[in-house]
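Sequential numbering of the sequence shown, starting at 1, is according to my numbering. Glycine included, every Cβ here is placed at the ideal spot set by N, Cα and C. Computed from a prediction, not measured in an experiment: that's the story for all the values here.
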Amino acid sequence: MSKLSIPTSRSLDVICLGRAGVDLYASEENVDLTNVSSFDKHVGGSPANIAVALSKLGAKAGIISCVSDDGLGHYVCDYLRRLNVDLQGMLVDNKGSRTSLAITEMKASNCEVVIYRNNAADLTLSIEHIDKAYIAQSKILLISGTALSSSPSREATLAAIRYAREAGTLVVLDVDYRAYSWRSEEDSSLYYQMAASMSDVVIGNREEFDVMEALDRESAKSDDDQTAARYLQGATQILIIKAGELGSTVYTRDGQKFAQGIYPVEVKKPFGAGDSFAGAFMYSILQGYDLQESVKMGSASAAINVSRKTCTDAMPTLDELLSFIAVREAA
């Protein structure tokens, strides 16, 4: 397919919109949460993870989010600043909202994660917090779908997409469906479809696309070809449907379709792969890699991440990513 139309001569490569929070990872591996004696603190939240993934690869990333005005919120900002993530779009709220917190076991599978998102700071973003000029400084706007789950963040997110389209900034939607964040599956289907119709690239797994199609699907589930036919309309040029250990299938507006396998590794934990994939994919697109090579880079980065503890600190550098691909073959 022809290359995506990505603007040049902008000060930022990607702005990531959505949650930035704190993850507490069990220090002991393969131990139930009830028996874990200590935890390691790290920055988390999908958009923050993706911004770090981009920065560690050498891209200039920014973030639009909100954290609480307390030790956890300050920790998130300090960490992102050290990783050279631009914080012009980061708000600090002192009105009682709280930075998102995740507490998790360290297991390869059946890994329990406890999420605290009551009055989450990132969901307090509103339209007046979205700076049209800031978005116009970036080549890509990455939207995390969880930001659509409630107001006023929902309206802020849709406004950001509109501003990006006006500025010629490429829009990438990472579906990032978290059932606990939504009032109903029907709500999520409606707003995901709205965002997808204005996005140049849509990335999600099979289960997430099933949720997106809840309003207009006659059968219980659609297959990938049906999903591609439905969503490769409007603004959308590329659809990436991930299937875990089965790899991913990629569809383009001009009728191309190809599959990308995974890179087998010893898995430490089941999360972080999608964020690492998105970061490496966008980095590669920005560097002029073709679509297949960019998806390959994303798949390799995902494998590296799940083979390590944590999410943000597990994101590979460019040298690590290229060295990994040089000696590995995808399944």
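Rounded distance between the beta-carbons of residue j and residue i, thought under 8 Å
| i | j | result |
| --- | --- | --- |
| A121 | V67 | 5 Å |
| V171 | D200 | 5 Å |
| D224 | I241 | 5 Å |
| A102 | G44 | 6 Å |
| A214 | L158 | About 19 Å separates the two Cβ atoms, so there is no contact after all. |
| Y192 | G145 | 6 Å |
| S197 | A229 | With a Cβ gap of about 14 Å, S197 and A229 do not count as contacting. |
Residue of the options minimising C-alpha distance to residue i
| i | options | result |
| --- | --- | --- |
| S55 | S323, Y192, A314 | A314 |
| G255 | L239, D131, L17 | L239 |
| V85 | A20, L125, H129 | A20 |
| E128 | K107, A156, S149, Y25 | A156 |
| R178 | S307, N30, G18, K3 | G18 |
| Y116 | E28, S188, L72 | L72 |
| A51 | A167, M297, A280, A159 | A280 |
| F209 | R183, V175, S149 | V175 |
| N118 | L142, A214, S97 | S97 |
| L12 | K309, Q292, L286 | L286 |
| Q237 | G244, G274, Y251, T227 | Y251 |
| N49 | I15, E28, M297, W182 | I15 |
| A302 | K41, G288, A330 | A330 |
| S150 | P264, T104, W182, G168 | W182 |
| A26 | L91, T104, I262 | T104 |
| V22 | R230, D93, H42 | H42 |
| A147 | S188, V113, R162, Q137 | S188 |
| N205 | S197, G244, D40 | G244 |
| E207 | T227, S197, L190, M198 | T227 |
| Y163 | S184, Q137, R230, E266 | Q137 |
| F39 | V113, L322, S184 | V113 |
| V267 | N110, R10, N94 | N110 |
| L83 | T312, L322, Y289 | T312 |
| K60 | K95, R10, H74 | R10 |
| K3 | L318, R253, V265 | R253 |
Buried versus exposed, by CB contacts within 10 Å (16 or more), residue i
| i | result |
| --- | --- |
| Y8 | Going by the sequence as given, residue 8 is Thr instead of Tyr. So T8 ends up on the exposed side. |
| K257 | exposed |
| K139 | buried |
| G272 | buried |
| Q88 | exposed |
| L246 | exposed |
| E166 | exposed |
| A326 | exposed |
| P47 | buried |
| G345 | The question about residue 345 has no answer here: the residues shown for the chain are numbered 1 through 331. |
| V76 | buried |
| P316 | buried |
| T34 | exposed |
| S222 | buried |
| R415 | Any question about residue 415 goes unanswered here, given that the chain covers just 1 to 331. |
| L322 | exposed |
Pair within 8 Å by beta-carbon distance, residue i and residue j
| i | j | result |
| --- | --- | --- |
| S299 | F277 | yes |
| R173 | P152 | Strictly speaking, residue 173 in this sequence is Leu, with Arg absent from that position. Contact flag unset, no. |
| A160 | I6 | no |
| P270 | V306 | yes |
| L57 | Y283 | yes |
| K309 | M106 | yes |
| I135 | T169 | yes |
| D78 | V92 | no |
| A53 | D275 | yes |
| Q233 | S248 | no |
| I304 | E320 | yes |
| Y263 | R328 | yes |
| E29 | V36 | no |
query: Of all the beta strand (DSSP E) runs that stay within the bounds of the stretch 87-165, which reach a length of 3 or more residues?
result: Runs found: 101-106, 113-116, 138-144.
task: Run through the stretch 243-272 for me and flag every whole beta strand (DSSP E) of 3 or more residues, listed as ranges in chain order.
output: Contiguous beta strand (DSSP E) elements confined to the stretch 243-272 occur at 248-252, 257-260, taking only those with 3 or more residues.
Contiguous beta strand (DSSP E) assignments of at least 3 residues, all confined to the stretch 196-234: Counting only runs of 3 or more, we get 201-205.
- prompt: What residue ranges within the stretch 268-319 form continuous beta strand (DSSP E) runs of no fewer than 3 residues, ordered along the chain?
  reply: Listed in chain order, the beta strand (DSSP E) elements of length 3 or more contained wholly in the stretch 268-319 amount to none.
message: If we require 3 or more residues per run, which beta strand (DSSP E) segments fall completely within the stretch 29-94?
response: The stretch 29-94 is shown to contain whole beta strand (DSSP E) runs of 3 or more residues at 39-44, 61-68, 86-93, in chain order.
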